[in-house]
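Numbering (my numbering), first residue to last: 24 to 160. Backbone N, C-alpha and C fix where the C-beta goes; we use that ideal spot for every residue, glycine too. Structure record follows, encoded as structure tokens.
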């Protein structure tokens, strides 16, 4: 049901975001720094460019660093949000899955687990989620 992203990157977790998101973050942050320099040299209006670059740069960095899923046993997994908040869930608590345009939302114990479309998922995580979804269907 979920499918799986293939990537040559070393697995940091059972679900993690690829290094290309880190590179994108660095590009945005560099653009923000360049905008600040231009604001001092040319015009204060470049400050808006800095704000426009820093916001997605910081968000991408936080997502790359923090957002993950770790399987801790055959029955449980931990989900860490982009802000570092970690929660433990049971696979048996999975209630459904919604495909969004750019991501997946996994409904677990009345809460939402966000999985970006670019996220890399391990085979064992995909299998466990698929099994849980088949049980409820």
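Neighbourhood of residue i by C-beta, 6 Å cutoff - its chain only, sequence neighbours within 5 removed
{"i": "residue 54", "result": "76"}
{"i": "residue 151", "result": "114"}
Distance CB(residue i)-CB(residue j) smaller than 8 Å
{"i": "residue 90", "j": "residue 109", "result": "no"}
{"i": "residue 80", "j": "residue 51", "result": "yes"}
{"i": "residue 159", "j": "residue 118", "result": "yes"}
{"i": "residue 153", "j": "residue 131", "result": "no"}
{"i": "residue 92", "j": "residue 38", "result": "yes"}
The alpha helix (DSSP H) enclosing residue i, as first and last residue numbers
{"i": "residue 50", "result": "42-64"}
{"i": "residue 100", "result": "Per DSSP, residue 100 belongs to no alpha helix (DSSP H); it is in the beta strand (DSSP E), 99-103."}
{"i": "residue 117", "result": "No alpha helix (DSSP H) holds residue 117; the beta strand (DSSP E) holding it covers 117-122."}
Contacting residues, own chain, Cβ-Cβ under 7 Å from residue i (five flanking each side not counted)
{"i": "residue 87", "result": "40, 44, 45 and 48"}
{"i": "residue 83", "result": "44, 47, 48 and 51"}
8 Å Cβ shell around residue i - same chain, five flanking residues per side excluded
{"i": "residue 34", "result": "143 and 145"}
Continuous beta strand (DSSP E) stretch holding residue i: start and end
{"i": "residue 214", "result": "In the structure displayed, the chain extends from 24 to 160; residue 214 sits before or after that span and is not available."}
{"i": "residue 130", "result": "126-131"}
Residues bridged to residue i (per DSSP)
{"i": "residue 143", "result": "39"}
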